[in-house]
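Residue numbering for the sequence shown follows the numbering used here, beginning at 853 and increasing consecutively.
One structure is given here, and the rest of the page talks about it.
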Amino acid sequence: MSDPAPAQLAVELWWGSVPAAQPHLPALLDLLDADERCRADRFRVEAGRQRFVAAHAMLRCLLAERTGIPPQRLTFTAGPRGKPELADPTASAPHFNLAHSGDLAVVALASRELGVDVEALRPFPRAERFAARFFAPFEQQWLEAAPEAERGHAALKLWTFKEAYLKAVGSGIAIALASVEVDPERPALLRVAGVPVAAGEWTLLGARLPGPAVAAVAIRGGGWRLVAPEFDWRTGRS
């Protein structure tokens, strides 16, 4: 597949505050299908349930605008590698991915295959131990070089890049996180399972969101830019 035209080189990273969505949760829940409602009910903690409902309703509203299909009528299926995709995609349907953490739900949309991750920033006193398990040696060195007070946030930033890539390719835990090597400063995907990644093959984009939180998008191809608008829960429209 060829790279998209320049006018299409924007990744939309929609974000929404889950507390702001709370007054609208009954209406948002009505947009979900039976399977999504069952999955929402499996959450033992109400905050987790609300994040799930908000993220999936946001996705449905955004896709409805772009396909012309009412949000409650959209149907999803699992792709070859387990990634959700529209069961009946239209020419106007973008690639999509969603995530949620803390008080945020996020949805990424673009014209190419992509993945998104978000992590609420929080105290992370064992960042070095975490890094020893999931980061490559040079990534651990990068983390150790960061000021001690900033290492927890730096570890979460690097984690989101790795997770976004794994979600983009639909590999999940089939690829060890330590084998996904990232330069978090550029940012850039360097190697996967020891194999160098060609320049322009993947783009990594990071964002700092309210919450506070860090988010990352991994998308095929080069030349992408990120826009991060807030979703309007009142209207259910972008």
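The C-beta atom is built at its ideal place from N, Cα and C for all residues, glycine as well.
For a test of the three-state rule: what should DSSP assign to residue i, helix, strand or coil?
{"i": "Val870", "result": "helix"}
{"i": "Phe1083", "result": "coil"}
{"i": "Leu1078", "result": "strand"}
{"i": "Arg889", "result": "helix"}
{"i": "Val905", "result": "helix"}
{"i": "Arg933", "result": "coil"}
{"i": "Phe982", "result": "helix"}
{"i": "Phe948", "result": "strand"}
{"i": "Phe829", "result": "Lying before the first or after the last residue shown, residue 829 is absent from the chain, which here runs from 853 to 1090."}
{"i": "Phe928", "result": "strand"}
{"i": "Leu1038", "result": "The sequence given here places Arg at residue 1038; Leu does not occur at that position. Here Arg1038 sits in coil by DSSP."}
{"i": "Thr942", "result": "coil"}
{"i": "Val1049", "result": "coil"}
{"i": "Glu971", "result": "strand"}
{"i": "Leu966", "result": "strand"}
{"i": "Ala1097", "result": "Look at the range of the chain in this structure, 853 to 1090, and you will see that residue 1097 is not part of it."}
{"i": "Phe987", "result": "coil"}
{"i": "Pro922", "result": "coil"}
Tell whether a beta-carbon distance below 7 angstroms holds between residue i and residue j.
{"i": "Arg1072", "j": "Val1066", "result": "no"}
{"i": "Glu965", "j": "Ala1007", "result": "no"}
{"i": "Lys1009", "j": "Leu1029", "result": "no"}
{"i": "Gly1063", "j": "Ala972", "result": "yes"}
{"i": "Thr919", "j": "Ala960", "result": "no"}
{"i": "His908", "j": "Glu888", "result": "yes"}
{"i": "Phe1069", "j": "Val968", "result": "According to the sequence shown, residue 1069 is Val rather than Phe. Going by C-beta atoms, Val1069 is nearer than 7 angstroms to Val968."}
{"i": "Gly876", "j": "Trp1011", "result": "Going by the sequence as given, residue 876 is His instead of Gly. Against a cut-off of 7 angstroms, the Cβ pair of Trp1011 and His876 comes out as no contact."}
Going by DSSP, name the residue or residues bridged to residue i.
{"i": "Arg896", "result": "According to DSSP, which records beta bridges pairwise, Arg896 is partnered with nothing at all."}
{"i": "Gln953", "result": "Here residue 953 is Ser; the residue named in the question, Gln, does not match the sequence. Answer is Leu956, bridged to Ser953."}
{"i": "Gly1058", "result": "Ala1068"}
{"i": "Leu865", "result": "Ala960"}
{"i": "Glu1033", "result": "Arg1043"}
On the CB-based measure, 16 or more other CB atoms within 10 Å of its CB, does residue i come out buried or exposed?
{"i": "Glu1037", "result": "exposed"}
{"i": "Gly931", "result": "exposed"}
{"i": "Arg912", "result": "buried"}
{"i": "Gly1075", "result": "exposed"}
{"i": "Gly1046", "result": "exposed"}
{"i": "Asp882", "result": "exposed"}
{"i": "Gln993", "result": "exposed"}
{"i": "Val1079", "result": "exposed"}
{"i": "Val970", "result": "buried"}
{"i": "Phe1083", "result": "buried"}
Below 8 angstroms on the Cβ atoms is my contact criterion, and I expect residue i with residue j to pass it. Report the Cβ-Cβ distance as a whole number of Å.
{"i": "Glu1033", "j": "Arg1043", "result": "4 angstroms"}
{"i": "Gly868", "j": "Ala979", "result": "Rounded, the Cβ-Cβ distance is 28 angstroms, inconsistent with contact."}
{"i": "Pro1039", "j": "Trp866", "result": "Their Cβ separation, rounded to whole angstroms, is 21 angstroms, which puts Pro1039 and Trp866 out of contact at 8 angstroms."}
Could you check if residue i belongs to the surroundings of the ligand PLP, using beta carbon to heavy atom distance under 6 angstroms?
{"i": "Thr1055", "result": "With respect to the ligand PLP, the structure shown offers nothing to examine, as it has no ligands at all."}
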